Amino acid sequence: MKRFKFRANLVSKDWKALCSQRARRLPLRPTCGRYEDIEMATLRQDHITPLPSESFLPKEAYLSREFAKRERKHMWGKVWQIVGREEELSRVGDYLTYNIADESIIVVRSAEDNIKAYYNVCLHRGRRLTNGCGRTKKFFCRYHGWQWNLDGTNDEVVDRADWGTILNDENLRLGEVQIDSWGGWLFINMDPDAKPLLEWLGPLPDVFRKHDLENFRYGWYRTVSLPCNWKVALEAFIEGYHATTTHRQTLNYSGDDRFLCESFGPHSLFRFRSADRLPGHPSPRLKMAAPTDMREALLGNLEQLNVELDALVTKRAVEAARRMKEKLTESATIMEAMVTYIEIHRELAEADGVAWPDLNFDDINMIGAAWHIFPNISLLATHDGLLMYRARPDSDDPDTCVLDIWSIESFAPGKEPKAKQEIYEKWQDGPWPRIYTQDFINLPDVQKGMKSDYFKGGRPNPLAEATLTNFHSHLYDMLKA
């Protein structure tokens with residue numbers, strides 16, 4: 001167990017090597033059932049080559065309880081996964097509980113300069129010690145009264161003398177779990193031999209090096225239970241192919257709506273195929289003429305996303321677009337509108353005391369439309385806003401999952417809302433803007449539809465959904481162990 005501390009943004013020396021693996025054929029034969037061989041995408045730094053048309057994603061990966069158990073045994077206990085943000089644990093004794101499959105982890109600020117993670121289990125009879133989040137001086141088992149200090153040492157065993165010499169300080173310590181941080185996020189890994197977090201993250205620290213991520217804060221944090229497999233939920237947010245149909249209203253301003261993908265070891269991103277049609281233009285699919293007023297088109301795009309996501313595109317961004325429209329004439333080109341908008345956006349951010357990421361074209365290209373952080377995170381980013389999704393299995397039931405959605409922004413110091421986790425057993429009970437609702441409607445019917453005897457597996461788009469192929473290839477690599 002290593003001591004928690006913040007470290008400088010380092011980039012793994014070998015992530016390029018990971019990304020240059022040659023294409024290979026993997027026999028996919030987990031014990032849950034028989035799988036056809038899948039010709040894996042070539043993992044190259046610059047692109048993912050198309051899959052052969054016969055390739056597919058076996059439906060057992062989404063439906064089989066045995067497959068879920070294999071994920072629990074061979075994957076969830078061996079990967080770095082986000083459990084929360086550092087500012088959630090600002091005071092000594094602040095803790096949160098992270099549940100994944102049938103495992104539970106306590107994450108606590110044990111001292112001013114230290115955060116620790118423990119298995120959430122009483123060492124007497126196995127009762128969980130915490131639920132949810134809160135603040136405490138000690139961890140107390142409500143079954144028989146055993147207690148632990150924040151540093152994991154045992155504080156009390158009721159009638160300890162009854163055990164004679166069987167119990168000692170070492171075998172009474174709470175079990176520790178690796179914990180580390182990047183960008184303000186706290187990650188845990190239950191594998192004591194796991195590679196360091198920053199090595200695991202590959203290029204991500206470098207991609208987001210200009211963002212002051214440590215000082216971003218929650219705008220809102222919502223958790224919803226969904227009647228589908230955790231991968232069904234996640235995959236709706238790591239590809240853009242579905243937007244043409246599911247989020248058709250966005251085509252009016254989306255510019256290009258065709259995507260390419262890149263893989264970086266187990267992680268991947270998707271981005272627009274072409275920069276010829278910038279946001280503000282209608283999709284070529286609509287066969288509409290370009291708008292005559294590009295100021296209004298760009299403003300309309302940002303206003304739509306701000307309303308329909310309530311995340312990613314900040315109010316500051318919308319205000320910058322409105323001021324851009326006032327500053328320029330109707331004859332302004334889309335490039336003039338974009339440049340002026342970004343200049344004003346930067347001025348507003350700096351006036352708020354917020355660090356501004358001076359992104360060039362290569363930076364924006366690498367940030368892309370969305371990153372998949374293996375295994376269960378989707379990350380979308382703008383200059384001053386983030387939208388993140390975290391999908392988790394609900395115990396070993398392959399038909400249910402828990403989805404956390406985070407809106408995270410670079411607020412002016414002291415102006416961030418006091419966002420608390422909102423939990424909804426049904427998505428219909430939450431205040432979801434339009435785009436989330438459109439996605440939620442699809443997911444249960446995907447899970448149900450895959451149970452058809454006629455359906456054998458998914459056939460991902462070789463270009464626009466290569467993120468899914470990369471995801472499953474690395475998942476199956478782990479499950480073969």
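Okay, so the sequence shown: first residue is 1 according to the UniProt record's numbering, each after it adds one.
All residues carry an ideal CB built from backbone N, CA and C; glycine is no exception.
Since the structure is predicted, the reported quantities are computational estimates derived from the model, not experimental observations.
Query: Between the region 285 to 301 and the region 324 to 337, can you find at least three pairs of beta-carbon atoms closer than 8 Å?; Result: yes
Query: Which of helix, strand or coil does DSSP assign to G134?; Result: strand
Query: What does DSSP give as the partner residues of W406 in its beta bridges?; Result: Y221, M388
Query: Is DSSP giving E350 helix, strand or coil here?; Result: helix
Query: Identify whether L150 lies in helix, strand or coil by the three-state DSSP scheme.; Result: coil
Query: Starting from W185 and walking both ways along the beta strand (DSSP E), at which residues does that stretch end?; Result: 185 to 189
Query: Check each candidate in D445, L123, I238, R346 and name the one with the smallest Cα separation from E170.; Result: L123
Query: Inspect the CB distances between the region 185 to 194 and the region 353 to 370 and report whether three or more fall short of 8 Å.; Result: no
Query: Please tell me whether I405 and V224 are closer than 9 Å, where the distance is taken between their beta carbons.; Result: yes
Query: Is A289 buried or exposed, if buried means 16 or more other CB atoms sit within 10 Å of its CB?; Result: exposed
Query: Please report how far the alpha carbon of E199 lies from the alpha carbon of I373, in whole angstroms.; Result: 13 Å
Query: For A466 versus R258, is the C-beta distance shorter than 9 Å?; Result: no
Query: Exposed or buried, what is W163 when buried is set at 16 or more other beta-carbons lying within 10 Å of its beta-carbon?; Result: exposed
Query: Which residues share a DSSP beta bridge with V177?; Result: A117
Query: Quick one, which of L213, N229, N154, R390 has its alpha-carbon nearest K59's?; Result: N229
Query: Based on Cα-Cα distance, which residue from T250, E156, H242, F264 lies nearest to V204?; Result: The question names Val, but residue 204 is Leu in the sequence shown. The shortest Cα separation from L204 among T250, E156, H242, F264 belongs to F264.
Query: How many angstroms separate the CA atom of E422 from the CA atom of F411?; Result: 20 Å
Query: Assuming E96 is part of the beta strand (DSSP E), what are its boundary residues?; Result: Reading off the sequence shown, one finds Leu at residue 96, where the question assumed Glu. Taken as a continuous stretch (DSSP letters only), the beta strand (DSSP E) holding L96 covers 94 to 100.
Query: What is the DSSP secondary structure of Y424, reduced to helix, strand or coil?; Result: strand
Query: For R135 and L150, what's the separation of their Cα atoms in angstroms?; Result: 11 Å
Query: In the DSSP output, which residue or residues are listed as bridge partners for P393?; Result: C401
Query: Determine the direct distance from the alpha carbon of A117 to that of S110, and round the result to whole angstroms.; Result: 9 Å
Query: May I ask you to verify whether the region 342 to 360 touches the region 207 to 224, counting CB pairs closer than 8 Å and requiring at least 3?; Result: yes
Query: The alpha helix (DSSP H) with H74 in it runs from where to where?; Result: 65 to 74
Query: Report buried or exposed for N360, applying the criterion of at least 16 other Cβ atoms within 10 angstroms of its Cβ.; Result: exposed
Query: At the level of alpha carbons, what is the spacing between K456 and L403?; Result: 26 Å
Query: Under 8 Å by Cβ, that's how I've got F237 and S64 pegged, so tell me the actual separation to the nearest angstrom.; Result: Not a contact, Cβ separation roughly 23 Å.
Query: Between the C-alpha atoms of M324 and R316, what's the straight-line distance to the nearest angstrom?; Result: 12 Å
Query: Within the same chain, show all residues whose beta-carbon is closer than 7 Å to that of I364, passing over the 5 residues directly before and after it, in chain order.; Result: none
Query: In whole angstroms, give me the CA-to-CA distance for Q45 and T244.; Result: Any reading at Q45 must be qualified, since the residue scores a pLDDT of 31, below 50, and its modelled position is unreliable; no value is offered.
Query: To which residues of the same chain is T340 closer than 7 Å at the C-beta, ignoring the five residues directly before and after it?; Result: M324, K327, L328
Query: Just mark D358 as buried or exposed, buried being the case when its beta carbon has 16 or more other beta carbons within 10 Å.; Result: exposed
Query: If you follow the alpha helix (DSSP H) that E319 is part of, which residue opens it and which one closes it?; Result: 315 to 327
Query: Could you round the C-beta distance between A68 and P393 to whole angstroms and report it? I think they count as a contact, below 8 Å.; Result: 6 Å
Query: With distances taken between CB atoms, is the gap from G184 to D310 smaller than 9 Å?; Result: no
Query: Smallest Cα separation from G176: which of V121, R273, V207?; Result: The question names Gly, yet the displayed sequence has Glu at residue 176. Comparing Cα-Cα distances from E176 to each of V121, R273, V207, the minimum goes to V121.
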